[in-house]
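Residue numbers (this note's numbering): 239 to 342.
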C-alpha cells in the first residue's frame with residue numbers, strides 16, 4: 239500500500255518538475271520579447287522626433303517630388319506613432335491585468 243503512495247508522489251514530483259521547466263522557459267521568452275519591445279519603442283521615439291524636426295522645416299521649392307517625399311515622411315511619422323501607441327497600449331493592458339490579479 240505504501241508503494242502506491244510513493245509511486246504517486248514520485249510521478250507528481252516529476253510532473254511538477256517538468257511543468258516548472260516549461261514555465262521557466264516561457265517566462266524567459268516573455269522577458270526577451272518585453273526587452274525587445276522596449277528597445278523598439280526607444281528607437282521609434284527617436285525616429286519620431288527626428289522626422290518631426292524635418293517636417294517643421296518650411297519648403298522653399300514647389301517640386302512635386304519634394305512634396306511627395308515630405309508627404310511620405312509625414313505618413314511614415316504617423317505610422318511610427320501608431321505602432322508605438324499600439325505597443326504601449328498592449329503593455330498598459332498587461333500592467334492593468336497584473337494589478338487586478340494582485341488585488342483579487
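Just so you know, even glycine gets a beta-carbon here, dropped at the ideal spot from N, CA and C.
From a predicted model like this one, the values you see are computed outputs, not experimental measurements.
- Under the three-state reduction of DSSP, residue 262 is assigned to helix.
- With contacts defined by Cβ atoms closer than 9 Å, residue 279 and residue 317 do not form a contacting pair.
- Judged by DSSP in its simplified three-state form, residue 296 adopts coil rather than helix or strand.
- Here residue 239 carries a coil assignment [DSSP, helix/strand/coil].
- Cβ contact annotation for residue 319 (same chain, cutoff 7 Å, sequence separation greater than five): 286, in chain order.
- Residue 301 carries a coil assignment under DSSP once its states are collapsed to helix, strand and coil.
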